[in-house]
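Here is the structure we will look at.
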Amino acid sequence: MTRIADFASHLGLWPNSRTMRSQSRARHRPIRAISTAGLVLFGLLVLSPIVLMFSDSLRSDADVDAHPLGIPVHPEWHNYSAAFHEMNFSRTLGNTVLITGCSALVVALTGSMCAWSIVRHARRWSAITYQVFVAGLALPIFVLITPLYQLMHQLNLLDSFMGIILAYTALGLPFAVFFFTSFLRSVSVELEEAATIDGCGVIGTYWHVVLPMLRPATATLIIFSSLSVWNDLVLPLILLTSDSKKTVTLSVYSTIGTHSYSVGQLLPTVVLGTVPLFVIFLILQRHIVAGIGAGATKG
Numbered sequence: 001m002t003r004i005a006d007f008a009s010h011l012g013l014w015p016n017s018r019t020m021r022s023q024s025r026a027r028h029r030p031i032r033a034i035s036t037a038g039l040v041l042f043g044l045l046v047l048s049p050i051v052l053m054f055s056d057s058l059r060s061d062a063d064v065d066a067h068p069l070g071i072p073v074h075p076e077w078h079n080y081s082a083a084f085h086e087m088n089f090s091r092t093l094g095n096t097v098l099i100t101g102c103s104a105l106v107v108a109l110t111g112s113m114c115a116w117s118i119v120r121h122a123r124r125w126s127a128i129t130y131q132v133f134v135a136g137l138a139l140p141i142f143v144l145i146t147p148l149y150q151l152m153h154q155l156n157l158l159d160s161f162m163g164i165i166l167a168y169t170a171l172g173l174p175f176a177v178f179f180f181t182s183f184l185r186s187v188s189v190e191l192e193e194a195a196t197i198d199g200c201g202v203i204g205t206y207w208h209v210v211l212p213m214l215r216p217a218t219a220t221l222i223i224f225s226s227l228s229v230w231n232d233l234v235l236p237l238i239l240l241t242s243d244s245k246k247t248v249t250l251s252v253y254s255t256i257g258t259h260s261y262s263v264g265q266l267l268p269t270v271v272l273g274t275v276p277l278f279v280i281f282l283i284l285q286r287h288i289v290a291g292i293g294a295g296a297t298k299g
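For the sequence shown, full-length UniProt numbering assigns the number 1 to the initial residue and increments by one for each residue that follows.
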């Protein structure tokens, strides 16, 4: 059959493979061009608010009121120096990094331990425990504010880093357990059985086998937990009262007045609070792709 097709193509009665590939590329070229143009347009739409925010942060309030979509002809960099000193950026950034990092790590460790126990050491209470954690995903934060505040007050953990880290850990555990449980159910148990046969205990199996196996999922969970904790305003506003423990979001919120706000004062603080998280996300974005890809492959 191949010889007949080659002979027919040699006589011009049947197109050869090279001609068919060129025709296919010609047909798909307009579609690719439209797709590329659509992606570029979507990217510009996504980036336009960020560019506008940075542009307006270098302008005065009068200039922004006169030309809302204008560009800074004479950039006022002193807006950033004033915002840096007013929000005490180094201290608030350190507080935010401490709270975010500790909360994400504790959520990842405790959530992976609980999920591993539910999946690999099934008991009568395992299904009920898993359902309780999943039910926690449906509870909005505003329902938990009052009992959480009363609990922290009784434990003398108000206005403390320990208290807010524990609060974020409790609120992040339902999603962590659900996330790790779904991942572990698609992973083979053979490596864990081999570790048990070699004499490895429960803690050793978790630390040397399970935790490295969960590395892509753990990296993804830590990144998403960090994003939610970093951008949160509700818990720091309620549980932290002293200026020495302010987070970035609280410092940004403090620049907004009761009836008005200054663009030259607000937007530089927003940029200063966003840039560190944006840089961290760019550095660790490959871990997100790896975690999603691993989950899709195992699923």
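We put the CB at the ideal spot given by N, CA and C, even for glycine.
Which residues mark the beginning and the end of the alpha helix (DSSP H) in which tryptophan 230 is found?
Here the question's residue 230 lines up with position 230 in the sequence shown. Its alpha helix (DSSP H) spans residues 215–230.
Helix, strand or coil for isoleucine 71 per DSSP?
Numbered from 1 along the sequence shown, position 71 holds the residue referred to as residue 71. Coil, per DSSP.
Exposed or buried, what is methionine 87 when buried is set at 16 or more other beta-carbons lying within 10 Å of its beta-carbon?
Translated into positions along the sequence shown, residue 87 becomes position 87. Per the 10 Å Cβ criterion, buried.
Measuring straight from C-alpha to C-alpha, what distance separates glycine 201 and leucine 157?
In the sequence shown, the residue the question calls residue 201 occupies position 201. In the sequence shown, the residue the question calls residue 157 occupies position 157. Spanning the two alpha carbons is a distance of roughly 35 Å.
Contact between the region 75–89 and the region 212–227 (3+ Cβ pairs under 8 Å)
Two segments are said to touch when three or more pairs of C-beta atoms, one from each, lie closer than 8 Å; by this definition the region 75–89 does not touch the region 212–227.
Cβ-Cβ distance between residue 305 and leucine 173 below 8 Å:
Beyond the ends of the chain as shown, which are 1 and 299, falls residue 305; an answer cannot be given.
Whole-angstrom distance between leucine 105 and serine 186, CA atom to CA atom:
Here residue 186 refers to the residue found at position 186 of the sequence shown. Here residue 105 refers to the residue found at position 105 of the sequence shown. The alpha-carbon atoms of serine 186 and leucine 105 are separated by roughly 23 Å.
Does the count of Cβ pairs from the region 45–65 and the region 229–248 closer than 8 Å reach three?
no
Take the Cβ of asparagine 95 as the centre, count every other Cβ of all protein chains shown within 10 Å, and call the residue buried at 16 or more, exposed below.
Translated into the one-based positions of the sequence shown, residue 95 becomes position 95. Classification of asparagine 95: buried, given that the 10 Å Cβ count is 16 or more.
If I measure Cβ to Cβ from glycine 264 and keep anything under 6 Å in the same chain, skipping five residues before and after, which residues do I get?
Translated into positions along the sequence shown, residue 264 becomes position 264. Ser60, Asp61, Asn79, listed in sequence order.
Span of the alpha helix (DSSP H), counted from its first residue to its last, around leucine 250
Translated into positions along the sequence shown, residue 250 becomes position 250. Where leucine 250 is concerned, the enclosing alpha helix (DSSP H) stretches over 248–253.
Residue span of the alpha helix (DSSP H) that contains leucine 137, given as start and end
The residue you call residue 137 lines up with position 137 of the sequence shown. From DSSP, leucine 137 is part of no alpha helix (DSSP H); its letter is neither H nor E.
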